[in-house]
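One line per chain: the protein sequences are A and B, in this order. Residues in the first sequence are numbered from 1148 upward in steps of one, following the working numbering. Residues in the second sequence are numbered from 0 upward in steps of one, following the working numbering. Glycine included, every Cβ here is placed at the ideal spot set by N, Cα and C. Read the structure below first, then the notes.
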Amino acid sequence: MMSWIIFSPEFYFLMVGTVFLGLSMTRRVRPEQVYFIALILASVGVGVCLACVRLVGDLFLGTYRVDLFSQVFKVMLSMGLFLVVCLCTELDGIEERLHPEFYFLLTICTLSMMMLVSSVHLLTIFVALELSSYSLYTLVFLRKGRDRGIDAGIKYFLIGASASAMMLFGFALLYGSIQAAYLVEILKILPGVINRPVVIIALILLLSGFFFKLAVFPFHFWVPDVYEGAANQVTTYIATASKVAAIAILMRIIALSGPGSTYLVHILVTLSIVSMTIGNLAAVVQKDLKRLLAYSSIAHAGYVLIGILSMNPAGYSGAIFYALSLLMMKFTCFLVVIKVADDGRNLDVEHLAGLHRRSPILAMALMLSLFGLAGIPPTIGFTGKLLIFTAAMQKGYFTLVLIAMINVVISLYYYLLVVKAAYLLEPGKELPDLKVSPSIKVLAGLLIFGMVVGGIFPNYIIELSKAAAIVLL
Amino acid sequence: MHMAYADFPYLSSILLSCVGGLLIILFIPKDKKDTIKWVSAVCSGITLLISVYLFFAYDKSQGGLQFVEKFQWIPSLGITYFNGADGFGLPMLLLTGIVFFTAVLTMWELQTRVKEFFALLFLLVSGVFGLFMSMDLFFIFVWYDVSLFPMYLLIAVWGSTRKEYAAMKLTLYLLAGSALILPAIIYLVVKSGFNTFDLVALMHPGTFSPFQQKFAFLLLYIGFGILAGVWPFHTWSPVGHVAAPTAVSMIHAGVLMKIGAFGVLRVAILLCPEGWQYWAHLMALLAVVGIVYGVFVGLSQTDLKFVIGYSSVSHMGIVGLGLATVTVEGLNGAVFQMFAHGVMTALFFSSVGYIYDRTHTKNIADLGGLSRIMPVATGYFIVAALTGIGVPCLASFWAELTVFISSFKVYPVYGTLAVCALVVSALFILRVVQRTCYGPKNDRFAHLEDVSFQLGIPRMILVSVIVIFGLFPNVMLDMIQTASIPFVNGLP
């Protein structure tokens, strides 16, 4: 009986999901009440995950592993959910009668991602991944003003379905060639057979499903359209929590290959370079802020991949740290997007004009998060990049680090354009001050504090991510 | 290396008064402009007092690193909070204190977005102070970037003349420099095998192979060299100087460009001495091209600030030439020139800034006869111009003399070229002085007031510093020698 305690975060979110399923059937609750319930349940969820951080154990015939690695990611995921729910006061991108469904899908998606980071068997990985993908497809469809959401949703679904198919084929090939489906067993066999062509192909096919989630080239085509087409809150969720889960599972899989085969590393290096270059170059010409952030997500997928492909403890812990920093920085950007576009519309970069007068704290949060994304000290984004680049340098990938740094400079150009819009441009007609509630001000202040303190005193988070990374190896 | 721990955290106090000033300013309501200015003046005054005290409290007979503060910051990565001052760092700290304090006083008349301006200025200067005192590679890089990114807003919001273009160009150029510095730093740290960013530990001879030193030195030299205005990476600098508001031009040309040269010295040369000797000839070549190029491009400029901007390129070339000689005199001259040029350009920009604020033009052809209208303002301008030419008894003279003597010994051809260029520069600066200050009185500006006593204070401070170090150059040279002699003698 005791062993089921380690499953409590998942139980909790299953229960939350049931609550919203019930609410969606009654239709007697006003949207504000649903929001309030969601906020409370999500904040308790963070507490539950925090309380379970140090639990360890196996479940379901050893297909489900609870360890520090998975629990750290569960905390990040529940934080992601909580932060997204915080932004749902003006959920105007989604029709009112669908609000309970929105929260239901959000919770189920979080639940399935939590299962994903704990999965250590090919089947559980597949089931959890599909469950999260399908909730996200539906969430994208929910956007009010049907055309946009449906267009984006179909694109997302088609690319996602083909990526899943490739992944499934990869699973089949892998199982066929080494007769193992438990990751523990694969870990024992794989390093010995890593240079067999069939295994390499199996691994690449298998990874494509996760590349799709993380938006790595060549599975990045959905990102700009989905970011643009989905409701702002849904985009926030895809850009933060979903990316964190993708980073986690990618690390679990890559860690299987042990010291790594040179073929695999070469492929990953290529994908990483192409992803960051394409993402950064395409972002330079974007006018829509959400599309810009979408391309920057593609670029960041490339940076994270550097940490993962280093395949050493420093690289894995760097990627965990990076996942957390990405969560905070991307979320801060979207916080500003949602608050400035208070009627749920999409936001052009130039609509930020005059933000420094309309809401100084949001302008400052935006500037810091963009500088963080560009990797400028003393923000948390710089520390993440430093960890990842150090890991790559330990493996002797000097050129890769240099290319990444050149990309950082390119990215700085378009981040600065956004900062310029917020601090320099003046709106054509006089706009009133933004109505930012005190709680959002506190949230923005906390995020600013977190991004700076995470950059200046990162010691605790680094130690934690190191401890979590050791579990993988 | 001799290390003396501090009995009181002087160096951290400098940083603290910058960061503290920043935080206080952030919490003052933006309407209380005078309060903000007074807080800025007091905090920057404290940094000046401490840096002057440190300059004279440094024990020259002991040498080495003094006022050291050191404790673990991120143990798992080998990052320490490690501050110390030596003969290279102290002149730079003194320079920063002087320029910062005078820059704040120069901006006393600012009215637009006062709070943000001073907050960003404090952020920038904390980066500069931090870099000059830090002995940890991680912190050096962090301070380097902290001092750069406020520049974008400072120029783009309060600047003039194509300010957005200039701000973007400057930021991208300088961050491109940091894109070379960071990989080089990580490369050195990883290759050393020590798992530490501690500069003193990494300086241990034999840590890096000759190849590693040559490779890393080149990256570091170009990376920091961009900020030092090394030809052909200098193009951001005149554009940036022209666009920036007065105080930012002062700090930018006076202090920020020195960060680049100081980075070459502190990180590249000290860590990779063999790379330094290997690439010295290239450094000398680029430096001389910069000197000659800056002078000749400056000749054809019509904008007052562009003239100073190009003369900065040329003067920073002298610093580069000094560093390239690989001799004690060369290093002495280079560091002295950094100091002298910093004070001189600050004075230059502050006097031009006053003229521009009043006449609203920087075009040399439109000015003229100013010495009859505002004799004091033009007086400051002329002192700065004379210092720039290298008139004896002013600080720059000794610095340039030391560099030229040592470069004649090592690179006779380059030395000759540089001296010839300096003669031409005298020509073009005097021409500018003649066109703006003398000639017939211009009625358009007849109603303008001269510099008031209050606004004159910062300029007087700068002039007196130039004269003091021009009359007593040994105060500075003895200080620099405590660091340069042991270092050059210890070379393999």
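Candidates the options: which alpha carbon is nearest residue i's?
i, options, result
"A1140 (chain A)", "A:K1390, A:T1382, A:A1614", "For residue 1140 (chain A) there is no data in the structure shown, the boundaries of chain A being 1148 and 1620."
"A118 (chain B)", "B:D58, B:L217, B:V247, B:W72", "B:V247"
"Y1329 (chain A)", "A:V1287, A:H1268, A:I1336", "A:H1268"
"P1524 (chain A)", "A:E1497, A:P1605, A:V1381, A:L1482", "A:P1605"
"L120 (chain B)", "B:V409, B:M2, B:L281, B:K36", "B:K36"
"L1559 (chain A)", "A:A1392, A:L1439, A:L1502, A:V1203", "A:L1439"
"T111 (chain B)", "B:M132, B:V291, B:D33", "B:D33"
"S1150 (chain A)", "A:C1199, A:D1205, A:L1315", "A:D1205"
"F1366 (chain A)", "A:L1286, A:Y1303, A:I1508", "A:Y1303"
"M1162 (chain A)", "A:R1244, A:H1246, A:I1255, A:D1214", "A:I1255"
"S60 (chain B)", "B:N488, B:L490, B:I484", "B:I484"
"Y493 (chain B)", "B:F207, B:F131, B:F70, B:H233", "Residue 493 (chain B) lies beyond the range of chain B shown here (0 to 491); nothing can be said about it."
Is it the case that the Cβ atoms of residue i and residue j are separated by a distance below 8 angstroms?
i, j, result
"M478 (chain B)", "L89 (chain B)", "yes"
"A242 (chain B)", "A165 (chain B)", "yes"
"M0 (chain B)", "G63 (chain B)", "yes"
"S75 (chain B)", "K1613 (chain A)", "yes"
"G319 (chain B)", "G289 (chain B)", "yes"
"L1403 (chain A)", "L1473 (chain A)", "no"
"L1234 (chain A)", "T1383 (chain A)", "yes"
"F348 (chain B)", "T245 (chain B)", "yes"
"K1434 (chain A)", "D1489 (chain A)", "no"
"A1388 (chain A)", "M1262 (chain A)", "no"
What three-state label does DSSP hand residue i in the structure shown?
i, result
"S1266 (chain A)", "strand"
"T481 (chain B)", "helix"
"S133 (chain B)", "strand"
"M1314 (chain A)", "helix"
"F210 (chain B)", "helix"
"N1379 (chain A)", "helix"
"E68 (chain B)", "strand"
"M1148 (chain A)", "Caution is warranted here: a pLDDT of 49 is assigned to M1148 (chain A), below 50, making its placement in the model unreliable, and the coordinate value is therefore given only provisionally. Coil, per DSSP."
"M1458 (chain A)", "coil"
"F471 (chain B)", "coil"
"L73 (chain B)", "Reading the sequence as shown, one finds Ile at residue 73 (chain B) and not Leu. In the structure shown, I73 (chain B) sits in a strand (DSSP, three-state: E or B)."
"Y1544 (chain A)", "coil"
"R1212 (chain A)", "strand"
"D1205 (chain A)", "strand"
"I154 (chain B)", "helix"
"F128 (chain B)", "helix"
Distance, Cα to Cα, residue i vs residue j?
i, j, result
"I185 (chain B)", "A339 (chain B)", "33 angstroms"
"L1534 (chain A)", "A1616 (chain A)", "13 angstroms"
"F403 (chain B)", "L346 (chain B)", "24 angstroms"
"G259 (chain B)", "L174 (chain B)", "12 angstroms"
"G1317 (chain A)", "R1399 (chain A)", "16 angstroms"
"S405 (chain B)", "N331 (chain B)", "10 angstroms"
"P1371 (chain A)", "A1430 (chain A)", "10 angstroms"
"I73 (chain B)", "L136 (chain B)", "13 angstroms"
"A445 (chain B)", "S350 (chain B)", "18 angstroms"
"I1445 (chain A)", "Q1180 (chain A)", "36 angstroms"
"A3 (chain B)", "F295 (chain B)", "47 angstroms"
"A155 (chain B)", "L169 (chain B)", "11 angstroms"
"L1202 (chain A)", "I1153 (chain A)", "6 angstroms"
"F223 (chain B)", "I1550 (chain A)", "18 angstroms"
"I428 (chain B)", "A227 (chain B)", "22 angstroms"
"H359 (chain B)", "K1567 (chain A)", "26 angstroms"
"G1622 (chain A)", "F1536 (chain A)", "Residue 1622 (chain A) cannot be examined here, being either before or after the span of chain A that is shown, 1148 to 1620."
"I180 (chain B)", "F140 (chain B)", "8 angstroms"
For residue i, is the beta carbon positioned less than 7 angstroms from some heavy atom of the ligand GDP?
i, result
"Y1329 (chain A)", "This structure lacks the ligand GDP; in fact it carries no ligand of any kind."
Is there contact here, the stretch 410–430 of chain B with the stretch 309–319 of chain B, by at least three beta-carbon pairs under 8 angstroms? Using a C-beta cut-off of 8 angstroms, the stretch 410–430 of chain B makes contact with the stretch 309–319 of chain B, since at least three inter-stretch Cβ pairs fall below that distance.
Does the stretch 1455–1470 of chain A come into contact with the stretch 1425–1441 of chain A, if we say contact requires no fewer than three beta-carbon pairs (one atom in each stretch) closer than 8 angstroms? In this structure the stretch 1455–1470 of chain A does not lie against the stretch 1425–1441 of chain A, because fewer than three pairs of beta carbons, one per stretch, are closer than 8 angstroms.
Do three or more CB pairs link the stretch 1306–1320 of chain A to the stretch 1348–1367 of chain A at distances below 8 angstroms? With three or more CB-CB distances shorter than 8 angstroms, the stretch 1306–1320 of chain A counts as touching the stretch 1348–1367 of chain A.
Would you check if there are 3 or more beta carbon pairs closer than 8 angstroms linking the stretch 372–381 of chain B to the stretch 426–441 of chain B? Enough Cβ pairs lie closer than 8 angstroms, so yes.
Quick check: the stretch 1177–1197 of chain A against the stretch 1211–1229 of chain A, are there 3 or more CB pairs under 8 angstroms? Yes, the stretch 1177–1197 of chain A touches the stretch 1211–1229 of chain A.
Would you call the stretch 212–223 of chain B in contact with the stretch 48–58 of chain B, where contact means no fewer than 3 C-beta pairs closer than 8 angstroms? Result no; under three Cβ-Cβ pairs closer than 8 angstroms.
Pairs of beta-carbons, one from the stretch 17–31 of chain B and one from the stretch 123–132 of chain B, closer than 8 angstroms: are there three or more? The stretch 17–31 of chain B makes contact with the stretch 123–132 of chain B; the number of CB pairs closer than 8 angstroms reaches 3 or more.
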